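Q: In the order they appear, the protein sequences are chains L and U.
According to this note's numbering, the first sequence is numbered sequentially starting from 1.
According to this note's numbering, the second sequence is numbered sequentially starting from 387.
Number of protein chains: 2
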Amino acid sequence: MRKVGVVGVGCSKFGNREVTLQELAFEAVYEALNDAGLTQEEIELSVVGCVGTRTYEFMPAVPVNEYCGFVGKGPIRVEAACATGSAAIYTAYTSIASGIVDLAIAIGVEKMTEVDTATSNAVGGRAGNYLWEFHQYGTTFPAYYAMHASAHMAKFGTTEEQMALVAVKAHRNAAKNPKAHFQKEVTVETVLKSRYIAYPLKLFDCSPISDGSAAAILASEEKIRELNLDAVWIEGVGYSSDTSNMTRRENFVGLKASVQASRMAYKMAKIEDPIKQLDIATVHDCFTIAEIMAYEDLGFCRKGEGGKFAERGESDFGGKIPVNTFGGLKAKGHPLAATGIAMIYEVTKQLREEAGALQVDLKNYRGLTHNVGGTGHFAWVFILKR
Amino acid sequence: MRKVGVVGVGCSKFGNREVTLQELAFEAVYEALNDAGLTQEEIELSVVGCVGTRTYEFMPAVPVNEYCGFVGKGPIRVEAACATGSAAIYTAYTSIASGIVDLAIAIGVEKMTEVDTATSNAVGGRAGNYLWEFHQYGTTFPAYYAMHASAHMAKFGTTEEQMALVAVKAHRNAAKNPKAHFQKEVTVETVLKSRYIAYPLKLFDCSPISDGSAAAILASEEKIRELNLDAVWIEGVGYSSDTSNMTRRENFVGLKASVQASRMAYKMAKIEDPIKQLDIATVHDCFTIAEIMAYEDLGFCRKGEGGKFAERGESDFGGKIPVNTFGGLKAKGHPLAATGIAMIYEVTKQLREEAGALQVDLKNYRGLTHNVGGTGHFAWVFILKR
Numbered sequence: 001m002r003k004v005g006v007v008g009v010g011c012s013k014f015g016n017r018e019v020t021l022q023e024l025a026f027e028a029v030y031e032a033l034n035d036a037g038l039t040q041e042e043i044e045l046s047v048v049g050c051v052g053t054r055t056y057e058f059m060p061a062v063p064v065n066e067y068c069g070f071v072g073k074g075p076i077r078v079e080a081a082c083a084t085g086s087a088a089i090y091t092a093y094t095s096i097a098s099g100i101v102d103l104a105i106a107i108g109v110e111k112m113t114e115v116d117t118a119t120s121n122a123v124g125g126r127a128g129n130y131l132w133e134f135h136q137y138g139t140t141f142p143a144y145y146a147m148h149a150s151a152h153m154a155k156f157g158t159t160e161e162q163m164a165l166v167a168v169k170a171h172r173n174a175a176k177n178p179k180a181h182f183q184k185e186v187t188v189e190t191v192l193k194s195r196y197i198a199y200p201l202k203l204f205d206c207s208p209i210s211d212g213s214a215a216a217i218l219a220s221e222e223k224i225r226e227l228n229l230d231a232v233w234i235e236g237v238g239y240s241s242d243t244s245n246m247t248r249r250e251n252f253v254g255l256k257a258s259v260q261a262s263r264m265a266y267k268m269a270k271i272e273d274p275i276k277q278l279d280i281a282t283v284h285d286c287f288t289i290a291e292i293m294a295y296e297d298l299g300f301c302r303k304g305e306g307g308k309f310a311e312r313g314e315s316d317f318g319g320k321i322p323v324n325t326f327g328g329l330k331a332k333g334h335p336l337a338a339t340g341i342a343m344i345y346e347v348t349k350q351l352r353e354e355a356g357a358l359q360v361d362l363k364n365y366r367g368l369t370h371n372v373g374g375t376g377h378f379a380w381v382f383i384l385k386r
Numbered sequence: 387m388r389k390v391g392v393v394g395v396g397c398s399k400f401g402n403r404e405v406t407l408q409e410l411a412f413e414a415v416y417e418a419l420n421d422a423g424l425t426q427e428e429i430e431l432s433v434v435g436c437v438g439t440r441t442y443e444f445m446p447a448v449p450v451n452e453y454c455g456f457v458g459k460g461p462i463r464v465e466a467a468c469a470t471g472s473a474a475i476y477t478a479y480t481s482i483a484s485g486i487v488d489l490a491i492a493i494g495v496e497k498m499t500e501v502d503t504a505t506s507n508a509v510g511g512r513a514g515n516y517l518w519e520f521h522q523y524g525t526t527f528p529a530y531y532a533m534h535a536s537a538h539m540a541k542f543g544t545t546e547e548q549m550a551l552v553a554v555k556a557h558r559n560a561a562k563n564p565k566a567h568f569q570k571e572v573t574v575e576t577v578l579k580s581r582y583i584a585y586p587l588k589l590f591d592c593s594p595i596s597d598g599s600a601a602a603i604l605a606s607e608e609k610i611r612e613l614n615l616d617a618v619w620i621e622g623v624g625y626s627s628d629t630s631n632m633t634r635r636e637n638f639v640g641l642k643a644s645v646q647a648s649r650m651a652y653k654m655a656k657i658e659d660p661i662k663q664l665d666i667a668t669v670h671d672c673f674t675i676a677e678i679m680a681y682e683d684l685g686f687c688r689k690g691e692g693g694k695f696a697e698r699g700e701s702d703f704g705g706k707i708p709v710n711t712f713g714g715l716k717a718k719g720h721p722l723a724a725t726g727i728a729m730i731y732e733v734t735k736q737l738r739e740e741a742g743a744l745q746v747d748l749k750n751y752r753g754l755t756h757n758v759g760g761t762g763h764f765a766w767v768f769i770l771k772r
């Protein structure tokens, strides 16, 4: 298999953005091209990730490629719900690893604020034919993850305080990230006193609805050597998906798709002990409970111990493995298709020691991204190494 | 680069189908699995192509994979407008060629009859932010291709009769294909007397709005040898895309994206003379003029001679290169995402000599698929060899 590296990354400011979809995409593309020292002409393939259900652009790849300068190079759009960005990275990766091209860009862009919050939630809940859950009970994503939180609390004694600590960490990191949607610290009390959205999840347990984009340029080893590019190598690729029928899930205390995707990536990257071999992880914290489950599903701690892992600060700077150092989906924001690529951006910046005030200590120069669509309807894991 | 072959193909009946999206997908998946002699358990990756703008399923990969038995294996959906099926084949192809998996399925499925024709056309016209054309003038796809037809007639003297002959051939072939939407022959007079949709295109110059699905199972050379599978090899892969702003197009007498995609595929497959080296071609005849332009853009004849190529029967059985032997988009039907994979189905069946009454003569055992999205906003070409 040909080796593939990340040679340029870009990320827009996340938040309520009064620009078009294609303008938003260009912010990330422009930064990524400058970061790599490349021009559009040198890129052979553009893969556009966009969920698009919350925008009026039905076929987003066409205007995005046009505006960003990839006419002739953008034959494909990908979608995997909230894991769309990772699906775009994957498509660019396999295009290079297969030998079809040597330089490809993955672009993830989402305009979510074109519709109101109620519509956005309904679209999310309806997405993917989740059978009777949405149609009969009106279940939307806060409710789905509330079921996970309730199950985790009941089985393992996980507390609302422990979940609140995940939000506090996210906001503390996002406060130092100028691209984050929210740049304000919060206290445990603020989180606990915020109104319930779906018990036990409160407003501050939930990621916001954000506009945003991210882009990553990938290159073959040959091209990296030829152009003397600075690369962060993709050592591991893992994916999975799970049943859309919640009644068929084995349990609600974790996401089987996350376990499977991470094990596939670990096997490829020869990771036997993620805590010892990784310096940084970005996990899919669409809700605070999702980050706690991710610690367990990814093997950072044993199943059921995620709440205590957060409480002990093991996922914070100085802990066993700093997680979501740029603020996570929770506080940095979660523009669906941008999220998976923003994770690649974050890990790349960290492994290059370009994270400024949010820099982690590096021993292994290796990091992980974990990106989920739905409640594990899709899952992707990548392992990066500098 | 690892060699990749097509080892199983399936295609549903095209037409107005009173089944759900996932049931429709399963028809093709079931046939493809039986054709390959494989089970769902053996498949490692499922790529679902679905444009989806004409259905109420927002994230179609989830229910399709669930229903078809690919839970855990379906982390990605792709879209490239009417070329979506080819984008799915590409993603399965690069996944295998890269070494990530050995067995993958590409599924293309579309339910187009859930909305009325006017809505369907409006969605099509609006798709991809075609700038002022749609918003100011209400241009939908018949009108776009009418501009191509008018330009071709004006510059090269192409006639409405020549375009009608493309429709007559399509219907004659579809009449022998039990899976075709239309199974009735038509005469030149019928086509010429049908009402104008957008001058010079008449009703019988246009492909219909169809429901349908197709699936193809791809495998690595190692897996093909191991399981002793019957393979049709993918020798060439080509793609391109073009500006969405019609005013920026160099001309209207052809599709630059088709030229570029075919030359990329020809280079990879070492095709210097397509007429001499190919036995069969499936081209994107969403309108009759599109097939005439494809003859030229793909190098079957010189630019401007496509009308005469059709008139002389060169694209018919016994001609220089039989084109769209199963009835084409024009008469077999055009369920967007299914189309590109149905082309792989057709060429595979032909190269295996399983096309029955529609079998072409084989000399080179090599065929081509050509799949366009929009008016060349996307283009894909594959070369297959048995």
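A virtual CB, placed ideally from N, CA and C, is assigned to each residue, including glycine.
Note that the coordinates shown come from a computational prediction; the quantities given were computed from them, not determined experimentally.
Quick check: the Cα distance between L/Ser12 and U/Asn631, rounded to an integer number of angstroms?
A: Taking the straight line from one Cα to the other gives about 26 Å.
Q: Determine which residues of the region 225-253 of chain L have a Cβ less than 8 Å from any Cβ of chain U, and write them out in chain order.
A: Cβ contacts with chain U come from Val237, Tyr239, Ser240, Ser241, Asp242, Thr243, Ser244, Asn245.
Q: From the DSSP output, read off the bridge partner residues of U/Asn757.
A: Looking at the DSSP assignment, U/Asn757 forms a beta bridge with U/Trp766.
Q: What are the complete beta strand (DSSP E) segments, minimum 3 residues, inside the region 77-117 of chain L?
A: Here the runs fully enclosed are 103-110.
Q: Going straight from the alpha carbon of U/Met679 to that of U/Gly759, what length do you get?
A: Approximately 15 Å between the Cα atoms of the pair.
Q: How many angstroms separate the CA atom of L/Leu358 from the CA atom of L/Ala174?
A: Approximately 9 Å, taken between the alpha carbons.
Q: Going by DSSP, name the residue or residues bridged to L/Gly212.
A: L/Gly212 is bridged to L/Glu110.
Q: Tell me the residue span of the beta strand (DSSP E) that contains L/Val9.
A: Segment 4-11, the beta strand (DSSP E) holding L/Val9.
Q: How would you list, in chain order, the residues of chain U whose beta-carbon sits under 7 Å from the beta-carbon of L/Gly74?
A: Those are Ser627, listed as they occur along chain U.
Q: I think U/Val450 touches U/Val464, with their Cβ atoms under 8 Å apart; what is that distance to the nearest whole Å?
A: Rounded, the Cβ-Cβ distance is 12 Å, inconsistent with contact.
Q: Measure the Cβ-Cβ separation of L/Phe182 and L/Ala331 and say whether it is below 8 Å.
A: Contact flag set, yes.
Q: Could you give the distance in angstroms between the alpha-carbon of U/Lys555 and the alpha-carbon of U/Leu578?
A: The alpha-carbon atoms of U/Lys555 and U/Leu578 are separated by roughly 14 Å.
Q: Output the residue ranges of the beta strand (DSSP E) runs that lie fully inside the region 153-208 of chain L and measure 3 residues or longer, sorted by chain position.
A: With a minimum length of 3 residues, the continuous beta strand (DSSP E) runs that stay inside the region 153-208 of chain L are 196-198.
Q: Which residue from U/Phe673, U/Asp665, U/Thr761, U/Cys672 puts its Cα closest to that of U/Glu700?
A: U/Glu700 has its Cα closest to that of U/Asp665, out of U/Phe673, U/Asp665, U/Thr761, U/Cys672.
Q: My parser needs the alpha helix (DSSP H) runs of 4 or more residues fully inside the region 215-270 of chain L; what are they?
A: Counting only runs of 4 or more, we get 221-227, 256-269.
Q: Measuring CA to CA, which of L/Leu38, L/Val9, L/Cys50, L/Glu31 is closest to L/Leu21?
A: The residue with the shortest Cα to Cα distance from L/Leu21 is L/Cys50.
Q: Between U/His763 and chain L, is the shortest Cβ-Cβ distance under 8 Å, so that the two count as touching?
A: Yes, its Cβ sits closer than 8 Å to a Cβ of chain L.
Q: Which residues in chain U sit within 9 Å of L/Val123, going by Cβ to Cβ distance?
A: What L/Val123 touches in chain U: Phe444.
Q: Let me know the secondary structure DSSP gives U/Lys706 once reduced to three states.
A: Residue state, collapsed to three classes: coil.
Q: Just to confirm, is the Cβ distance from U/Leu770 to U/Thr734 under 8 Å?
A: The answer is yes: Cβ separation under 8 Å.
Q: From the beta carbon of L/Glu66, is the nearest beta carbon of chain U less than 8 Å away?
A: Yes, its Cβ sits closer than 8 Å to a Cβ of chain U.
Q: Would you be able to state if there are at least three C-beta pairs under 8 Å between the region 412-425 of chain U and the region 647-657 of chain U?
A: Flag = no, the region 647-657 of chain U and the region 412-425 of chain U do not touch.
Q: State the DSSP-derived secondary structure class of L/Lys303, mapped to helix, strand or coil.
A: Coil, per DSSP.
Q: Excluding the 5 residues preceding and the 5 following L/Thr39 in the sequence, name in chain order all residues of the same chain whose CB lies nearer than 7 Å to its CB.
A: The answer, listed in chain order, is Leu33.
Q: Is any beta-carbon of chain L found at less than 8 Å from that of U/Ile769?
A: Taking Cβ atoms only, chain L never reaches closer than 8 Å to U/Ile769, which makes this a no.
Q: In this structure, what does DSSP give as the bridge partners for L/Ile280?
A: Answer by DSSP bridge pairing, in chain order: L/Gly367.
Q: How many angstroms separate the CA atom of L/Ala310 from the CA atom of U/Ile491?
A: Using only the alpha carbons, I get a separation of about 40 Å.
Q: Using alpha carbons as the reference points, say which of U/Glu546, U/Lys565, U/Gly401 lies closest to U/Leu587.
A: The option with the nearest alpha carbon to U/Leu587 is U/Glu546.
Q: My understanding is that U/Lys706 touches U/Gly640, with C-beta atoms under 8 Å, so please give their C-beta distance in whole angstroms.
A: Contact flag wrong, Cβ pair sits at about 19 Å.
Q: Can you tell me whether DSSP reads L/Lys73 as helix, strand or coil?
A: Correct three-state label for L/Lys73: coil.
Q: Is the beta carbon of L/Ile217 less than 8 Å from the beta carbon of L/Ile100?
A: No.
Q: Cβ atoms of U/Cys454 and U/Ala411: under 8 Å apart, would you say?
A: Yes, Cβ-Cβ distance for U/Ala411 and U/Cys454 is below 8 Å.
Q: I need the straight-line Cα distance from L/Thr369 to L/Ile197, nearest angstrom please.
A: For L/Thr369 and L/Ile197, the distance between alpha carbons rounds to 28 Å.
Q: The alpha helix (DSSP H) that contains U/Leu715, what's its start and end?
A: It is not in any alpha helix (DSSP H) - U/Leu715 carries neither H nor E in the DSSP assignment.
Q: Secondary structure at L/Ser46, three-state DSSP: helix, strand or coil?
A: DSSP places L/Ser46 in strand when its eight states are reduced to three.
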